[in-house]
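**Student:** Encoded as structure tokens, here's the structure I'll be asking about.
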Amino acid sequence: MKKSIISISFDAEKLGAIKQYMGRKEAELEKEMEDAVQKLYEKFVPVAVREYIEGREASEQKKPKISVKKSQSAPLLTNINEG
Numbered sequence: 001m002k003k004s005i006i007s008i009s010f011d012a013e014k015l016g017a018i019k020q021y022m023g024r025k026e027a028e029l030e031k032e033m034e035d036a037v038q039k040l041y042e043k044f045v046p047v048a049v050r051e052y053i054e055g056r057e058a059s060e061q062k063k064p065k066i067s068v069k070k071s072q073s074a075p076l077l078t079n080i081n082e083g
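Just so we're aligned, residue 1 is where the sequence shown starts under the UniProt record's numbering, counting upward by one.
This is how it looks when you write it as structure tokens:
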């Protein structure tokens, strides 16, 4: 799954307070933000669309990755003596 970065502006003093008090509860701001965005996704994206996206993700994970391996064998050299 390809991820995107979300950038928002927020009052610096308020953000500092959030980080300070979250630290006391051993909470992580990034994790809490991810949870909030997930809830927004579930709230606004219709179930059928979510199922379609999940189905695509599952099929992409099942596809075997094809890798091309280069042969590392050295060419055969033949020494012919004419005599």
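C-beta atoms are modelled at their ideal positions from N, C-alpha and C, and glycine is treated no differently. The model shown is predicted, which means the values in this text are computed figures rather than measured ones.
Roughly how many angstroms lie between the CA atoms of LEU29 and LYS19, to the nearest whole one?
**Tutor:** For LEU29 and LYS19, the distance between alpha carbons rounds to 7 Å.
**Student:** Using three-state DSSP, classify PHE10 as helix, strand or coil.
**Tutor:** In the structure shown, PHE10 sits in coil (DSSP, three-state: anything other than H, G, I, E or B).
**Student:** With DSSP as the reference, label GLU57 as helix, strand or coil.
**Tutor:** Residue state, collapsed to three classes: helix.
**Student:** What is the DSSP secondary structure of ILE18, counted as helix, strand or coil?
**Tutor:** DSSP places ILE18 in helix when its eight states are reduced to three.
**Student:** With DSSP as the reference, label GLU26 as helix, strand or coil.
**Tutor:** Three-state result, GLU26: coil.
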